[in-house]
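Chemist:
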Amino acid sequence: MKRLGILRLLLLMTPIFAFLLGCNNPQAAEVITSPTAQQAYQELHRPQFHFTPKANWMNDPNGMFYYKGKYHLFYQYFPDSTVWGPMHWGHAESTDMLRWEHLPIGLYPDSIGCIFSGGAVVDHNNTSKLGTTQNPPIVATFTHHDFVGEKAKSNDFQKQSIAYSIDGGYEWIKYKGNPVIPNTEKIKDFRDPKVVWHEPSQKWILVLAAYDKVKFYASPNLTDWEFISDFGIEGDNRLWECPDLFPMRVEGTEEDKWVLIVSIQKEAPNDGTATSYFVGEFDGTTFKSEIENQKWLDWGTDNYAFVTWNNVPKADGRVLGIGWMSNWQYAQIVPTETWRSAMTLPRELRLIKTASNYALHSVPVKEFESLRGLPTALGPIEIKEEKVLEGSFSASQTELDLTVDLDKTTSNSFGIKLQNELGERVLITFDKSEGKLFVDRTKSRKDQFSDAFYKNIHAAPIDFEKEQMNIRMIIDAASIEIFIDKGELSFTSIFFPSEKFNSLSLFAKDGTCNLLNGEVFPLTNIWNEKH
Ligand code: FRU
18 MKRLGILRLL LLMTPIFAFL LGCNNPQAAE VITSPTAQQA YQELHRPQFH
68 FTPKANWMND PNGMFYYKGK YHLFYQYFPD STVWGPMHWG HAESTDMLRW
118 EHLPIGLYPD SIGCIFSGGA VVDHNNTSKL GTTQNPPIVA TFTHHDFVGE
168 KAKSNDFQKQ SIAYSIDGGY EWIKYKGNPV IPNTEKIKDF RDPKVVWHEP
218 SQKWILVLAA YDKVKFYASP NLTDWEFISD FGIEGDNRLW ECPDLFPMRV
268 EGTEEDKWVL IVSIQKEAPN DGTATSYFVG EFDGTTFKSE IENQKWLDWG
318 TDNYAFVTWN NVPKADGRVL GIGWMSNWQY AQIVPTETWR SAMTLPRELR
368 LIKTASNYAL HSVPVKEFES LRGLPTALGP IEIKEEKVLE GSFSASQTEL
418 DLTVDLDKTT SNSFGIKLQN ELGERVLITF DKSEGKLFVD RTKSRKDQFS
468 DAFYKNIHAA PIDFEKEQMN IRMIIDAASI EIFIDKGELS FTSIFFPSEK
518 FNSLSLFAKD GTCNLLNGEV FPLTNIWNEK H
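Mapping of the sequence shown onto my numbering: residues 18 to 548, in sequence order.
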């Protein structure tokens, strides 16, 4: 009894120890608040088909690579609390980016610092000499963040380091020459290194965020890095984070471009944090954007730090990525009890040439369709006022795929409503006269937990000039992801009703909405097999 009591006390105090020790505590206690098997994944707001940690705090996706049939996902993880703390890399793997198996923590804090965001690459040619060509090393690049240095106000507390795995990504060895990019300029925000192979120059290129810009480094071997250039927007003083650089084929052409993704910590289209992109040329040294302005990958409030998987087979050819489905404005106070945060659905990116520009579209990966049950067909119908949808689906775990005839739609304001018996609701409105999509979660919970979360109705521009519009909406227990016309626009939003939403309806105000066809799919949950 006495021993148990002391143990429990020690466990309870672990977050305090971790905090006091900064993050130099490699063996910080394992998960202590795991729900039991029966409770796991059944909680009110637990996403049923989005990745979440079993317990405790998660933010950005990290170190994603594909190897030997498995997609690996690491993530910013604090195993001792449901709020952010000394970061580790949590780890999970999946054959389809949907049904995940949780694995032991991949990277622990060490004497240089704790482990902030970064990427990983499969070093097929063993350029790093950390493995062999038969058994290529997987090399993770990450930021070592030293809390002690930060408290002491030394500005070089963020440095870039590497770790490698020679067993396909399960056991990780920190490189003994860390850090591989010290912070000689003493830049306070100097982090999130992501690496890509640049075929023409036969070099690895690393991009990292340096406060209000990104910096590029080149290396023949992943261990020796040389600074080559930086890229930013004149006059911008927002905080940039989690960059990603990769080549992409423009859909339907023989043209290749380079895409630079950057997450931005403020002044996103709907406040707070969001992921943006540039499209242009990268010649091995400098990146030149060819689009007029920085664009948003997702107009919603809840798709941050979106980055891509390395080493997706050429035969597959897709560019695949995932984002953190939250926003720093409220991520740490959302009302989930044993865990915090989910990832977005995994998405395929498509690079499209428009009349005057390039645009990056995103859609859920095709594997997602394997979660669909039997559809309920909906069209053609004219929606007047409100039509409650009925079928063998639940309002909080469903997908709608609707095609609207815009020419014949007379209503200026149509959309869908998700609600429960408490009158809590989320409204998705397509407003023709405003030329906008509105996502209104302001009344999605009576007991509001944050001003920032509930204060505004969120909006995105929509082109209503076309004849038809395809609207796809994927609703999980605590989120909606909206994709218009194959990802021309995507919009991700989270919500936390105090009871599950149990009614789903289509509405049209002052006129009719002409629905050409539609399908509603029930969706199965991803956790029932292994956990
Ligand atoms: C982005 C971010 C990164 C950093 C990590 C720390 O959400 O702030 O820049 O590496 O989170 O957890």
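From the three backbone atoms N, C-alpha and C, an ideal C-beta is built for every residue, glycine too.
Mind checking if histidine 378 is an interface residue toward chain C, Cβ cutoff 8 Å exclusive?
Modeler: In the structure shown, chain C does not exist; there is a single protein chain.
Chemist: Can you list, in chain order, the residues of its chain with a C-beta nearer than 6 Å to that of asparagine 235? Leave out the 5 residues immediately preceding and following it.
Modeler: In the sequence shown, the residue the question calls residue 235 occupies position 218. Here residue 235 turns out to be alanine, not asparagine, going by the sequence shown. Here the set comprises Lys220, Ile222, Glu243 and Ile245.
Chemist: Residues in its own chain within less than 6 Å of threonine 426 by CB, not counting five upstream and five downstream?
Modeler: If you number the sequence shown from 1, residue 426 lands on position 409. Closer than 6 Å at the Cβ level, and outside the excluded window around threonine 426, lie Cys530 and Asn531.
Chemist: With respect to 7 Å, is the separation between the Cβ of glutamate 258 and the closest non-hydrogen atom of the ligand FRU below this value?
Modeler: Within the sequence shown, residue 258 is the residue found at index 241, counting from 1. Yes, the beta carbon of glutamate 258 sits closer than 7 Å to at least one heavy atom of the ligand FRU.
Chemist: How many Å lie between asparagine 200 and isoleucine 433 at the Cα?
Modeler: Taking the sequence shown and counting its residues from 1, the one referred to as residue 200 is at position 183. Taking the sequence shown and counting its residues from 1, the one referred to as residue 433 is at position 416. The alpha-carbon atoms of asparagine 200 and isoleucine 433 are separated by roughly 50 Å.
Chemist: So, is asparagine 42 buried or exposed, given that buried needs 16 or more other C-beta atoms within 10 angstroms?
Modeler: As a working note, residue 42 is residue 25 in the sequence shown. Legend: pLDDT at asparagine 42 = 40, less than 50; position of this residue unreliable, no value from coordinates given.
Chemist: For alanine 35, count the other beta carbons within 10 Å of its own beta carbon; 16 or more makes it buried, fewer makes it exposed. Which is it?
Modeler: For this step, residue 35 is matched to residue 18 along the sequence shown. Here alanine 35 scores only 43 on pLDDT, less than 50, and its place in the model is too uncertain to base an answer on.
Chemist: So what's aspartate 468 in DSSP terms, helix, strand or just coil?
Modeler: Working through the sequence shown from its first residue, we reach residue 468 at position 451. Helix at aspartate 468.
Chemist: Taking Cβ positions, are isoleucine 464 and serine 515 nearer each other than 8 Å?
Modeler: Looking up residue 464 in the sequence shown gives position 447. Looking up residue 515 in the sequence shown gives position 498. Looking at the sequence itself, residue 464 is aspartate, so the reference to isoleucine does not match. Cβ distance < 8 Å, so aspartate 464 and serine 515 count as in contact.
Chemist: Entirely within the segment 340-390 and at least 3 residues each: give me those beta strand (DSSP E) ranges in chain order.
Modeler: Complete beta strand (DSSP E) runs here, min 3: 364-370 and 375-381.
Chemist: Should the segment 344-358 be called in touch with the segment 89-104, which here means at least 3 C-beta pairs below 8 Å?
Modeler: yes
Chemist: I need the boundaries of the alpha helix (DSSP H) containing phenylalanine 164, first residue and last residue.
Modeler: Here the question's residue 164 lines up with position 147 in the sequence shown. First-last of the alpha helix (DSSP H) with phenylalanine 164: 164-168.
Chemist: Does any heavy atom of the ligand FRU sit closer than 7 Å to the C-beta of asparagine 91?
Modeler: Along the sequence shown, read from residue 1 onward, the residue named residue 91 stands at position 74. A small fix is needed here, since residue 91 is phenylalanine in this sequence, not asparagine. No, the beta carbon of phenylalanine 91 sits no closer than 7 Å to any heavy atom of the ligand FRU.
Chemist: Measure the alpha-carbon distance for glycine 396 versus proline 153 and round it to whole angstroms.
Modeler: In the sequence shown, counting from the first residue as 1, residue 396 sits at position 379. In the sequence shown, counting from the first residue as 1, residue 153 sits at position 136. Cα to Cα, the separation comes out at about 52 Å.
Chemist: Compute every distance between the C-beta of phenylalanine 481 and the non-hydrogen atoms of the ligand FRU, then say whether any falls below 7 Å.
Modeler: Within the sequence shown, residue 481 is the residue found at index 464, counting from 1. Every heavy atom of the ligand FRU is 7 Å or more from the Cβ of phenylalanine 481, so no.
Chemist: From asparagine 534 to threonine 509, what does the alpha carbon distance come to, in whole angstroms?
Modeler: Position 517 of the sequence shown holds residue 534. Position 492 of the sequence shown holds residue 509. Approximately 24 Å between the Cα atoms of the pair.
Chemist: Could you pull the DSSP bridge partners for arginine 266 from this structure?
Modeler: Residue mapping note: residue 266 aligns to position 249 of the sequence shown, counting from 1. Asp273.
Chemist: Is it right to say leucine 540 is buried, meaning 16 or more other beta carbons lie within 10 angstroms of its own, or is it exposed?
Modeler: One-based indexing of the sequence shown puts residue 540 at position 523. Leucine 540 should be labelled buried.
Chemist: Check whether the Cβ of alanine 322 sits closer than 7 Å to any heavy atom of the ligand SAH, and report yes or no.
Modeler: Here the bound small molecules are the ligand FRU; the ligand SAH is not part of this structure.
Chemist: Are the CB atoms of asparagine 344 and threonine 325 nearer to each other than 8 Å?
Modeler: For this step, residue 344 is matched to residue 327 along the sequence shown. For this step, residue 325 is matched to residue 308 along the sequence shown. For asparagine 344 and threonine 325, no; Cβs fall outside 8 Å.
Chemist: Please report the straight-line C-alpha distance between glutamine 346 and glycine 289, rounded to a whole angstrom.
Modeler: Here the question's residue 346 lines up with position 329 in the sequence shown. Here the question's residue 289 lines up with position 272 in the sequence shown. C-alpha separation (whole angstroms): 6 Å.
Chemist: Looking at the unbroken beta strand (DSSP E) that takes in lysine 401, where does it start and where does it end?
Modeler: Locating residue 401 in the sequence shown gives position 384, counting from the first residue. Its beta strand (DSSP E) spans residues 398-405.
Chemist: Does the distance between the C-beta of threonine 160 and the nearest non-hydrogen atom of the ligand FRU fall short of 7 Å?
Modeler: As a first step, residue 160 is located in the sequence shown; it is residue number 143 there, counting from the start. Result yes, Cβ under 7 Å from the ligand FRU.
Chemist: Kindly indicate the opening and closing residues of the beta strand (DSSP E) around glutamate 309.
Modeler: Translated into positions along the sequence shown, residue 309 becomes position 292. Careful: glutamate 309 lies outside any beta strand (DSSP E) and carries neither H nor E.
Chemist: Should phenylalanine 538 go down as buried or exposed, given a rule of 16 or more other Cβ atoms within 10 Å for buried?
Modeler: For this step, residue 538 is matched to residue 521 along the sequence shown. Phenylalanine 538 should be labelled buried.
Chemist: Using alpha carbons as the reference points, say which of Pro286, Phe159, Ala291 and Glu272 lies closest to isoleucine 278.
Modeler: Position 261 of the sequence shown, counted from the first residue, corresponds to residue 278. Looking at the Cα atoms, Ala291 is the closest of the given residues.
Chemist: What first and last residue would you give for the beta strand (DSSP E) that runs through tyrosine 321?
Modeler: Within the sequence shown, numbered from 1, the residue matching residue 321 stands at position 304. That run of the beta strand (DSSP E) goes 321-325.
Chemist: Since leucine 115 and phenylalanine 66 should fall inside the 8 Å C-beta cutoff, what is the C-beta to C-beta distance between them, to a whole number of angstroms?
Modeler: Here residue 115 corresponds to residue number 98 of the sequence shown, with the count starting at 1. Here residue 66 corresponds to residue number 49 of the sequence shown, with the count starting at 1. With a Cβ gap of about 7 Å, leucine 115 and phenylalanine 66 count as contacting.
Chemist: Glutamate 365 and arginine 335 - do their beta-carbons sit closer together than 8 Å?
Modeler: One-based indexing of the sequence shown puts residue 335 at position 318. One-based indexing of the sequence shown puts residue 365 at position 348. Less than 8 Å divides the Cβ of arginine 335 from the Cβ of glutamate 365.
Chemist: Just how far apart, CA to CA, sit methionine 342 and proline 363?
Modeler: Within the sequence shown, numbered from 1, the residue matching residue 342 stands at position 325. Within the sequence shown, numbered from 1, the residue matching residue 363 stands at position 346. Answer to the nearest angstrom: the Cα atoms are 11 Å apart.
Chemist: Could you tell me which residues DSSP puts in a beta bridge with aspartate 553?
Modeler: The requested residue 553 does not occur in the structure, where the chain is confined to residues 18 to 548.
Chemist: If you follow the beta strand (DSSP E) that arginine 458 is part of, which residue opens it and which one closes it?
Modeler: One-based indexing of the sequence shown puts residue 458 at position 441. Unbroken run through arginine 458: none, as it is neither H nor E.
Chemist: Let me check one thing: in DSSP terms, what residues is serine 411 bridge-paired to?
Modeler: Position 394 of the sequence shown holds residue 411. Bridge partners of serine 411: Gln414.
Chemist: Beta-carbon within less than 6 Å of leucine 444's beta-carbon, same chain only, minus the 5 sequence neighbours each way: which residues are those?
Modeler: As a first step, residue 444 is located in the sequence shown; it is residue number 427 there, counting from the start. Answer for leucine 444: Lys434 and Asp457, listed in chain order.
Chemist: Measure the alpha-carbon distance for glutamate 402 versus alanine 494 and round it to whole angstroms.
Modeler: For the purposes of this step, residue 402 is taken as residue 385 along the sequence shown, with counting starting at 1. For the purposes of this step, residue 494 is taken as residue 477 along the sequence shown, with counting starting at 1. Straight-line spacing of the CA atoms in glutamate 402 and alanine 494 works out to 26 Å.
Chemist: Can you round the beta-carbon distance between isoleucine 553 and threonine 158 to whole angstroms, since I take them to be within the 8 Å contact cut?
Modeler: The displayed coordinates of the chain run from 18 to 548. Any statement about residue 553 would go beyond what the structure contains.
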